[in-house]
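> Per this note's numbering, the very first residue in the sequence shown carries number 67; after that it's consecutive.
Built from N, CA and C at the ideal position, the CB exists for glycine as well.
All values derive from a computational prediction rather than experimental measurement.
Mind having a look at this structure? Questions to follow.
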Amino acid sequence: MSDEVGTALRLLDAVVSRYSIDKYRLYATGQSMGGMISFYLNATHPDLFAASLFVGSQWDVTVLNPLAKKKFFYIVSAADPKASKGMRELADMLTNKGVAFGTTTFSARLPQHEQEKAIEALLGQGFDINFVQFTAGT
67 MSDEVGTALR
77 LLDAVVSRYS
87 IDKYRLYATG
97 QSMGGMISFY
107 LNATHPDLFA
117 ASLFVGSQWD
127 VTVLNPLAKK
137 KFFYIVSAAD
147 PKASKGMREL
157 ADMLTNKGVA
167 FGTTTFSARL
177 PQHEQEKAIE
187 ALLGQGFDIN
197 FVQFTAGT
């Protein structure tokens with residue numbers, strides 16, 4: 067674990083201890099390296115976050131087994147080879163474990179209301195795990 071990750075965990079512990087915060091309603095998000103840290107924390111501290119949002123990132127799928135029981139969104143661009151590969155690997159791992167998840171792909175250039183409609187349809191499927199991929203070039 068890097069010093070930064072340890073610092074983030076200690077800071078989170080201090081904030082939760084000092085302030086009136088429901089420790090069962092903590093959420094994580096991160097893009098790129100921040101997403102990698104979020105993946106790492108979810109894998110190594112599976113009870114820490116109620117849900118997470120991973121954006122444009124990936125992590126070693128062999129340590130992501132705890133995510134099979136988590137609530138999260140995973141968002142990548144099809145034009146991002148590393149993140150797209152990470153999404154495919156995580157999808158394969160979840161499928162092999164028999165974990166159902168939702169998925170959608172659309173252009174990031176769609177009008178906002180059409181993007182919202184696609185996400186609402188995804189949420190309407192009722193899965194705890196949801197993958198969103200933007201088409202390449204958008």
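(1) If you check the beta carbons only, do R91 and A116 fall under 8 angstroms apart?
(2) Pull up the distance between the alpha-carbon of A166 and that of A74, whole angstroms please.
(3) My understanding is that G96 touches S86, with C-beta atoms under 8 angstroms, so please give their C-beta distance in whole angstroms.
(4) Please state whether DSSP places A174 in a helix, a strand or coil.
(5) According to DSSP, what are the bridge partners of I195?
(6) Using 8 angstroms as the threshold, is the C-beta distance between F172 and Q181 below it?
(7) Return helix, strand or coil for Q97, following the three-state DSSP convention.
(8) Give me the Cβ distance between F120 and A157, rounded to the nearest whole Å; I'm assuming they're in contact under 8 angstroms.
(9) From the DSSP output, which residues share a beta bridge with A117?
(10) Compare the C-alpha of V129 against each of T169, G168 and L160 and name the closest.
(11) Please state whether DSSP places T169 in a helix, a strand or coil.
On the basis of the supplied data:
(1) Locating residue 91 in the sequence shown gives position 25, where the first residue counts as 1. Locating residue 116 in the sequence shown gives position 50, where the first residue counts as 1. Inclusion of R91 and A116 in the CB contact set at 8 angstroms is warranted, their separation being smaller than that value.
(2) Translated into positions along the sequence shown, residue 166 becomes position 100. Translated into positions along the sequence shown, residue 74 becomes position 8. Looking at the two C-alpha atoms, the distance is approximately 31 angstroms.
(3) Sequence index remark: in the sequence shown, residue 96 carries index 30 (1-based). Sequence index remark: in the sequence shown, residue 86 carries index 20 (1-based). About 25 angstroms separates the two Cβ atoms, so there is no contact after all.
(4) Translated into positions along the sequence shown, residue 174 becomes position 108. Under the three-state reduction of DSSP, A174 is assigned to coil, being neither helix nor strand.
(5) Residue 195 sits at position 129 when you count from the first residue of the sequence shown. BP columns for I195 point to F138.
(6) For the purposes of this step, residue 172 is taken as the residue at position 106 of the sequence shown. For the purposes of this step, residue 181 is taken as the residue at position 115 of the sequence shown. Contact: yes.
(7) By 1-based counting over the sequence shown, the position of residue 97 is 31. Strand at Q97.
(8) Counting from one through the sequence shown, the residue named residue 120 turns up at place 54. Counting from one through the sequence shown, the residue named residue 157 turns up at place 91. Between the beta-carbon of F120 and that of A157 there is about 13 angstroms, and that puts the pair past the 8 angstroms contact cut.
(9) Position 51 of the sequence shown, counting from 1, holds the residue named residue 117. Paired residue(s): Y93.
(10) Here residue 129 refers to the residue found at position 63 of the sequence shown. Distance from the Cα of V129 is smallest, within the candidate group T169, G168 and L160, for L160.
(11) The sequence position of residue 169 within the sequence shown is 103, counting from 1. Of the three classes helix, strand and coil, the one that applies to T169 here is strand, per DSSP.
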